[in-house]
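Q:
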Amino acid sequence: MKNIMYNSTRGEDIDVSSIEALVRGIAYDGGLYVPTRFYDIGDLNRLMDLSYKDLALEIIRAFFPEFSETEILNYIEGAYDNKFNTSQIAPIVNTAGVYFLELFHGPTLAFKDMALTLLPYLLMGASKKNNNPAEIVILTATSGDTGKAALEAFKDVKGTKIIVLFPSEGVSEIQKRQMITQEGNNTFVIAIKGCFDDAQNAVKQIFADKEFNNIAKNKGYILSSANSINVGRLIPQTVYYFYAYLQMLKTGALTAKEKINIVVPTGNFGNILAAYYCTKMGLPVNKLICASNENNVLYDFFKTGMYDKRRTLRPTISPSMDIIISSNLERLLYDISGEDAEFVRNMMKDLNEKGYYEVSDRLRDNMNLFYGGYADESDTLAAIEDVYNKSNYLMDTHTAVAYSVYKNYFNTTGDNTKTVVASTASPFKFARSVCDALKMDTKNATDFELVRLLSNKTDIPIPSPIYNLETKPIFHNILCEKDDVRDTIKNILGI
Ligand SMILES: *Cc1c(COP(=O)(O)O)cnc(C)c1O
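Residues 27 to 521, numbered by the numbering used here, are exactly what the sequence shown covers, in order.
1. Measuring CB to CB, does Leu148 end up less than 8 Å from Leu81?
2. Tell me whether Ile298, by its Cβ, gets closer than 7 Å to a heavy atom of ligand 1.
3. If you follow the alpha helix (DSSP H) that Thr438 is in, where does it begin and where does it stop?
4. Considering only their Cβ atoms, is the gap separating Ile162 from Leu177 smaller than 8 Å?
5. By the three-class DSSP mapping on this structure, what secondary structure does Cys221 have?
6. Give me the DSSP bridge partner(s) of Phe22.
7. Give the secondary structure of Thr213 by DSSP, where H, G and I count as helix, E and B as strand, and everything else as coil.
8. Is Pro310 helix, strand or coil by DSSP?
9. Taking 7 Å as the cut-off, is the C-beta of Ser459 nearer than that to any heavy atom in ligand 1?
10. Can you determine whether any heavy atom of ligand 1 sits closer than 7 Å to the C-beta of Met466, and answer yes or no?
11. Can you say whether Tyr333 is buried or exposed, counting buried as having 16 or more other CB atoms within 10 angstroms of its CB?
12. Is it the case that the CB of Phe396 approaches a heavy atom of ligand 2 more closely than 7 Å?
13. Could you check how far apart the C-beta atoms of Leu389 and Ser363 are, in whole angstroms? I think they sit under 8 Å.
14. Hey, would you say the C-beta of Phe137 is under 7 Å away from at least one heavy atom of ligand 1?
15. What separation, rounded to the nearest whole angstrom, lies between the Cα atoms of Val190 and Phe233?
16. In three-state DSSP terms, what is Lys187?
17. Would you check if the distance between the CB atom of Ala301 and the CB atom of Ile286 is smaller than 8 Å?
18. In angstroms with no decimal places, state the Cα-to-Cα distance between Cys221 and Ala448.
19. Would Met140 and Lys174 be called neighbours here (beta carbons separated by less than 8 Å)?
20. Buried or exposed: Glu209, going by 16 or more other Cβ atoms within 10 Å of its Cβ?
21. For Ser346, does the count of other Cβ atoms within 10 angstroms reach 16, so buried, or fall short, so exposed?
22. With a threshold of 8 Å between beta-carbons, can Tyr397 be considered close to chain B, or not?
23. Could you pull the start and end residues of the alpha helix (DSSP H) that Ile178 belongs to?
24. Apart from the five residues on each side of it in sequence, which residues of its chain come closer than 8 Å, Cβ to Cβ, to Pro491?
25. Between the stretch 324-343 and the stretch 94-101, are three or more C-beta pairs nearer than 8 Å?
26. Helix, strand or coil, according to DSSP, for Gly132 in the structure here?
27. Please confirm if the stretch 313-321 is in contact with the stretch 428-442, defined as three or more CB-CB distances below 8 Å between the two stretches.
28. Over what stretch of residues does the alpha helix (DSSP H) that includes Ile286 continue unbroken?
29. Would you say the stretch 254-273 touches the stretch 320-327, given that touching needs at least three Cβ pairs under 8 Å?
30. Report, in whole angstroms, the separation of the C-beta atoms of His131 and Asn111, which I expect to be a contact under 8 Å.
31. Measuring from the CB of Gly293, is there a heavy atom of ligand 1 at a distance below 7 Å?
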């Protein structure tokens with residue numbers, strides 16, 4: 027069968043190799059790369075005894091056919107090593123009526139590690155195959171989790187520099203401390219005065235700045251991004267859904283071909299899109315439950331068929347889902363329309379010009395696998411308290427959004443299909459909100475004190491990436507106005 031290639035969702039940049047798709051990140055026509063076909067995983071019984079790494083090899087190499095099996099194996103060995111605090115990498119915990127798929131055992135305690143630990147290997151491997159002599163500069167704006175995961179993944183990777191911008195107001199104390207204590211000679215962290223949108227806009231402006239890109243290129247740099255539209259992040263995220271299914275099969279929780287529900291706390295639509303791609307590869311799924319917080323654009327979309335960005339962002343206690351434009355939804359539109367690039371272009375044009383787009387009832391029928399729900403702040407806090415009190419299991423705020431949405435779904439539909447909840451962050455990363463949920467006194471305590479109190483109360487050890495954070499030396503202290511970002515980055519690169 028023909029190797030998997032990549033096409034842009036907007037139809038102009040087509041039949042691109044995985045190498046090109048990795049290096050470019052976003053297609054020339056502004057679209058997102060999607061695989062020309064999906065790997066068919068076949069009989070799942072045959073994969074039941076595979077370790078996480080073996081399963082990753084099975085799946086990932088099919089999507090990156092220009093790499094040899096040994097290359098991919100080496101990348102996987104490098105990514106999923108003892109940076110993860112369990113050799114299972116993504117363990118599954120059956121409690122409170124669901125199967126929690128814990129995706130937070132990596133170096134930065136959030137699910138972004140699942141793909142970002144592998145991305146530098148794929149990117150550098152692709153760059154080498156492309157005979158690209160330039161140094162890659164990863165430039166990323168973060169609302170908290172991506173920035174730290176990318177810094178940790180790219181630190182000391184030869185041939186790269188990584189620059190992360192975060193909003194000085196808008197990340198938790200622990201998230202901030204994780205970034206400003208970052209080690210590595212090639213890491214740079216900039217706090218910008220403003221909110222996440224300001225940081226995001228500053229980065230977008232630099233990517234679009236031809237003059238800047240030319241100057242950088244002449245000095246031997248190419249700009250790249252670590253955000254979730256790169257296929258090097260999307261594909262590795264399919265592995266853990268199969269892994270969860272296989273573990274359930276192995277323990278007898280599922281019989282062969284039995285369908286599951288998957289609930290995903292969603293922001294940019296990357297993680298849940300990976301689950302959707304799994305269904306195209308042969309994972310038996312009944313419903314994909316897309317859980318939003320109060321920024322419930324996606325809930326409205328699944329309910330009405332209209333995606334409407336004309337609203338203001340509400341900062342919530344699940345900040346990594348505080349997003350209005352879910353970029354990866356473009357890939358779903360492409361799929362449900364039968365790969366109709368013109369349709370996708372029209373939708374994206376409407377979104378830009380009118381602030382919304384609408385899909386027809388016929389196309390909405392093609393999204394029947396999805397169910398959209400949302401949880402407000404008090405639902406989220408109540409879910410944390412309830413699950414802890416009844417089942418002695420501690421969820422972070424993002425996972426709690428998913429759980430709350432699932433409970434609602436269950437109560438309204440009575441659907442008792444076995445359900446996997448993507449558990450996307452360690453509760454210690456969002457200690458203040460989790461302590462609030464457990465009705466602990468948080469008023470005069472720092473986030474670090476709360477981490478200790480939470481550990482004492484729950485008997486869960488403080489995860490090592492947070493344990494020493496308070497006393498770690500601070501290496502990064504750049505604070506700049508949003509208009510000075512360009513000059514600050516020029517300074518860093520010496521251009
Ligand atoms: C990024 C993130 C999400 C949202 O994932 P998307 O792929 O953007 O939908 C959810 N929870 C946590 C903890 C995250 O860091």
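Yeah, the Cβ is synthetic: ideal placement off N, Cα and C, and Gly gets one too.
A: The short version:
1. Here residue 148 is taken as the residue at index 122 of the sequence shown, counted from 1. Here residue 81 is taken as the residue at index 55 of the sequence shown, counted from 1. No, the pair does not count as a contact, with Cβ atoms beyond the cut-off.
2. Within the sequence shown, residue 298 is the residue found at index 272, counting from 1. Checking the Cβ of Ile298 against ligand 1 gives yes.
3. Translated into positions along the sequence shown, residue 438 becomes position 412. Unbroken alpha helix (DSSP H) run through Thr438: 423-439.
4. Taking the first residue of the sequence shown as position 1, residue 177 is located at position 151. Taking the first residue of the sequence shown as position 1, residue 162 is located at position 136. Cβ distance not < 8 Å, so Leu177 and Ile162 don't count as in contact.
5. One-based indexing of the sequence shown puts residue 221 at position 195. Cys221 falls in the coil class under three-state DSSP.
6. Residue 22 lies beyond the residue range present for the chain, which begins at 27 and ends at 521; the question has no answer from this structure.
7. For this step, residue 213 is matched to residue 187 along the sequence shown. In this structure, Thr213 counts as strand in the three-state DSSP scheme.
8. For the purposes of this step, residue 310 is identified with residue 284 of the sequence shown, where counting begins at 1. Residue state, collapsed to three classes: coil.
9. Walking along the sequence shown from the start, residue 459 turns up at place 433. Incorrect: Ser459 has no Cβ contact closer than 7 Å to ligand 1.
10. Position 440 of the sequence shown, counted from the first residue, corresponds to residue 466. False, no ligand heavy atom lies under 7 Å from that Cβ.
11. Taking the first residue of the sequence shown as position 1, residue 333 is located at position 307. The residue in question, Tyr333, is buried, as its Cβ has 16 or more Cβ neighbours within 10 Å.
12. Summarising the ligand content, the structure contains ligand 1 and does not contain ligand 2.
13. Within the sequence shown, residue 389 is the residue found at index 363, counting from 1. Within the sequence shown, residue 363 is the residue found at index 337, counting from 1. Yes, they are in contact, since the Cβ atoms of Leu389 and Ser363 sit about 6 Å apart, within 8 Å.
14. As a position in the sequence shown, residue 137 is number 111, starting the count at 1. Yes, the beta carbon of Phe137 sits closer than 7 Å to at least one heavy atom of ligand 1.
15. One-based indexing of the sequence shown puts residue 190 at position 164. One-based indexing of the sequence shown puts residue 233 at position 207. Each residue's Cα considered, the two are about 14 Å apart.
16. By 1-based counting over the sequence shown, the position of residue 187 is 161. In this structure, Lys187 counts as strand in the three-state DSSP scheme.
17. Numbered from its first residue, the sequence shown carries residue 301 at position 275. Numbered from its first residue, the sequence shown carries residue 286 at position 260. Cβ distance not < 8 Å, so Ala301 and Ile286 don't count as in contact.
18. Residue numbering aside, residue 221 sits at position 195 when the sequence shown is read from its first letter. Residue numbering aside, residue 448 sits at position 422 when the sequence shown is read from its first letter. Roughly 27 Å separates the two Cα atoms.
19. Taking the first residue of the sequence shown as position 1, residue 140 is located at position 114. Taking the first residue of the sequence shown as position 1, residue 174 is located at position 148. Against a cut-off of 8 Å, the Cβ pair of Lys174 and Met140 comes out as no contact.
20. Along the sequence shown, read from residue 1 onward, the residue named residue 209 stands at position 183. It is exposed - the Cβ of Glu209 has fewer than 16 other Cβ atoms within 10 Å.
21. Within the sequence shown, residue 346 is the residue found at index 320, counting from 1. Buried, by the Cβ-count rule.
22. As a matter of chain content, chain B is missing from the structure shown, which is built from one protein chain.
23. Translated into the one-based positions of the sequence shown, residue 178 becomes position 152. Checking the sequence, you will find Glu at residue 178 rather than Ile. Here the alpha helix (DSSP H) through Glu178 covers 171-180.
24. The residue you call residue 491 lines up with position 465 of the sequence shown. If we look at Pro491 and ignore the five residues flanking it on each side, its Cβ neighbours are Pro133, Thr134, Leu135, Gln204.
25. no
26. The sequence position of residue 132 within the sequence shown is 106, counting from 1. In this structure, Gly132 counts as coil in the three-state DSSP scheme.
27. yes
28. Residue numbering aside, residue 286 sits at position 260 when the sequence shown is read from its first letter. Counting along the chain, Ile286 falls outside any alpha helix (DSSP H), though it belongs to the beta strand (DSSP E) covering 286-291.
29. no
30. Sequence index remark: in the sequence shown, residue 131 carries index 105 (1-based). Sequence index remark: in the sequence shown, residue 111 carries index 85 (1-based). At roughly 5 Å, the Cβ-Cβ gap stays under 8 Å, so His131 and Asn111 are in contact.
31. Along the sequence shown, read from residue 1 onward, the residue named residue 293 stands at position 267. At least one heavy atom of ligand 1 is nearer than 7 Å to the Cβ of Gly293, so yes.
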